[in-house]
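Visitor:
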DNA sequence: ACCTTTGTTGACAATTTTGTCAAACAAAGT
DNA sequence: ACTTTGTTTGACAAAATTGTCAACAAAGGT
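Protein chains in written order, with the numbering used here: chain A, 38 to 237; chain B, 38 to 237.
1. Drop a sphere of 10 angstroms on the beta-carbon of residue 112(A), count the other beta-carbons inside from all chains shown, and report buried for 16 or more, exposed for fewer.
2. Quick one: is residue 228(B) near chain A, going by C-beta distance under 7 Å?
3. Out of 55(B), 52(B), 159(B), which has the shortest C-alpha to C-alpha gap to residue 204(A)?
4. Could you tell me whether any Cβ in chain A is nearer than 7 Å to the Cβ of residue 236(B)?
5. Note the first and the last residue of the continuous alpha helix (DSSP H) segment covering residue 95(A).
6. Are at least three pairs of beta-carbons, each pair with one atom in the stretch 171-182 of chain B and one in the stretch 184-191 of chain A, less than 8 Å apart?
7. Compile a chain-ordered list of the residues in the stretch 178-203 of chain A whose CB is closer than 8 Å to at least one CB of chain B.
8. Between residue 195(A) and residue 129(A), what straight-line distance do the alpha-carbon atoms span, to the nearest angstrom?
9. Which of helix, strand or coil does DSSP assign to residue 240(A)?
10. Excluding the 5 residues preceding and the 5 following residue 126(A) in the sequence, name in chain order all residues of the same chain whose CB lies nearer than 6 Å to its CB.
11. Is residue 113(A) helix, strand or coil by DSSP?
12. What are the residues of the stretch 54-68 of chain A that lie near chain B, defined by any Cβ-Cβ distance shorter than 9 Å?
13. Classify residue 42(B) as helix, strand or coil using the three-state DSSP reduction.
14. Return the first residue and the last residue of the alpha helix (DSSP H) that residue 71(B) is part of.
15. Examine chain A for any beta-carbon lying closer than 7 Å to the beta-carbon of residue 164(B), and answer yes or no.
16. So for residue 180(A), helix, strand or coil by DSSP?
17. Using a beta-carbon distance cut-off of less than 9 Å, what residues from the stretch 126-139 of chain A approach chain B?
18. List the endpoints of the continuous alpha helix (DSSP H) containing residue 77(A).
19. Could you tell me whether the Cβ atoms of residue 164(A) and residue 108(A) are closer together than 7 Å?
20. What number of angstroms, rounded off, separates the C-alpha of residue 200(A) from the C-alpha of residue 101(B)?
21. Does the beta-carbon distance from residue 46(B) to residue 137(A) come in below 7 Å?
22. State yes or no: is the beta carbon of residue 222(A) nearer than 7 Å to at least one beta carbon in chain B?
23. State the DSSP-derived secondary structure class of residue 233(B), mapped to helix, strand or coil.
24. Using the three-state DSSP reduction, which class does residue 57(A) fall into: helix, strand or coil?
25. Here's the rule: buried if 16 or more other CB atoms are within 10 angstroms of the residue's CB, otherwise exposed. What is residue 223(B)?
26. Tell me which same chain residues have a C-beta within less than 6 Å of the C-beta of residue 134(A), skipping the five on either side of it?
27. Classify residue 141(B) as buried or exposed, calling it buried when 16 or more other Cβ atoms lie within 10 Å of its own Cβ.
28. Which of helix, strand or coil does DSSP assign to residue 202(A)?
29. Could you tell me which chain A residues have their CB closer than 8 Å to the CB of residue 141(B), listed as they occur along the chain?
30. If you check the beta carbons only, do residue 118(A) and residue 50(A) fall under 7 Å apart?
31. By Cβ distance below 7 Å, which residues in the same chain neighbour residue 124(B) in space, the five residues on each side in sequence not counted?
32. On the CB-based measure, 16 or more other CB atoms within 10 Å of its CB, does residue 162(B) come out buried or exposed?
Take a look at the structure:
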């Protein structure tokens, strides 16, 4: 028995939640979207919350593993930053609602989601933060709290994707292509911001 | 009759939704939080959706008016940017979940929220965008698509607040104060990024 | 005092959503 | 052919949530 139904539900739930933003989808909607009987959602995952948890953990794990890999990979610092930018942009494009769900859940009191942050991912992050500090001492990049360097990358790359619909409205950007053109200009700009900005 | 109950419900709903992130709160929870009978929510606002709409519109209007005021105020460009940074930080601190709600709703098909973007706010935005362009020509700030200048401000200031719980987890920032310290360093840093970064 | 308007409440009905269960089904092994 | 195992289904019950309604209270004006 191949048990592809379980995978099918998971994949479709993932897309429904984190790509389309239907975080409040009912089990019926989830089942319909996956093309299966509603009862199967309960059969394979017991409850909706459980399905959430599993799918969410998988997505987060996937993401954090990728980051960890980049943090300790055997390339130059500048290349690492480029890789971080590319991966962040691509991942956010695929799952624009993942962090939104994350934020919402993290803030809640009945936070059912166990912390997925495996100690590995932490070590890699610490490693890269040390590398950032070294680059600051070398004078390659401006000096401030190392985490702020990472926060800058994530902010400058992620936020414009997450906020796309709102920015398009505020700035009257009618077509998707127009926004895409503006966004694409950013990757180079962000590199300039991160590196060229050594003051004094 | 002073009709303070209506205001009471609105204020508490606003806090519940946009400060605490309980976007999926039931009418019962809303009523409880406001300290009134549940039926009164329907009495004053007909339906929960309607309450959402009203409260949301008020918050957004308040925000956009403030931005518009800054955009056309009679201060130097640099001071405007400073004012934008301060206001954005403060407003996001108060309502960290406002945009999240916005994003979720905007993405949905049955988007009940009429566009609140009054033409006024648009004019002011356009005005400031032109000012940004002029500054680019003067050489005060690096040259790229003017909207990207604004997007940079919003991203660098808003995202770290919205993502606070996640960043604290990822970077192992145990105390609120620690994060606050790191965040406060950003305002100055962002100014440096926005202005000092004129390449060649 | 009376009437009207406004505000408030508890009870009710309708709808939605969830999870469970027993029965049906398919595929494989014996 | 028979059993076992895992999968799928429809029907059911329980719970939660929503909006409405009629009754009740408070206040103010006439």
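We put the CB at the ideal spot given by N, CA and C, even for glycine.
Guide: To lay it out plainly:
1. exposed
2. no
3. 159(B)
4. Caution applies to residue 236(B), whose pLDDT of 44 falls short of 50 and renders its modelled position unreliable; the value that the coordinates give is listed next. True, the Cβ-Cβ gap to chain A drops below 7 Å.
5. 85-108
6. no
7. 179, 181, 182, 184, 185, 187, 188, 189, 191, 192, 193, 195, 196, 197, 199, 200, 202, 203
8. 6 Å
9. The structure shown does not extend to residue 240(A), since chain A is modelled only from 38 to 237, so the question has no answer here.
10. 194
11. coil
12. 57, 58, 59, 60, 61
13. helix
14. 64-71
15. no
16. coil
17. 133, 134, 136, 137, 139
18. 75-82
19. yes
20. 16 Å
21. no
22. yes
23. coil
24. coil
25. buried
26. 55, 58
27. buried
28. helix
29. 58, 60, 134, 137
30. no
31. 103, 107
32. buried
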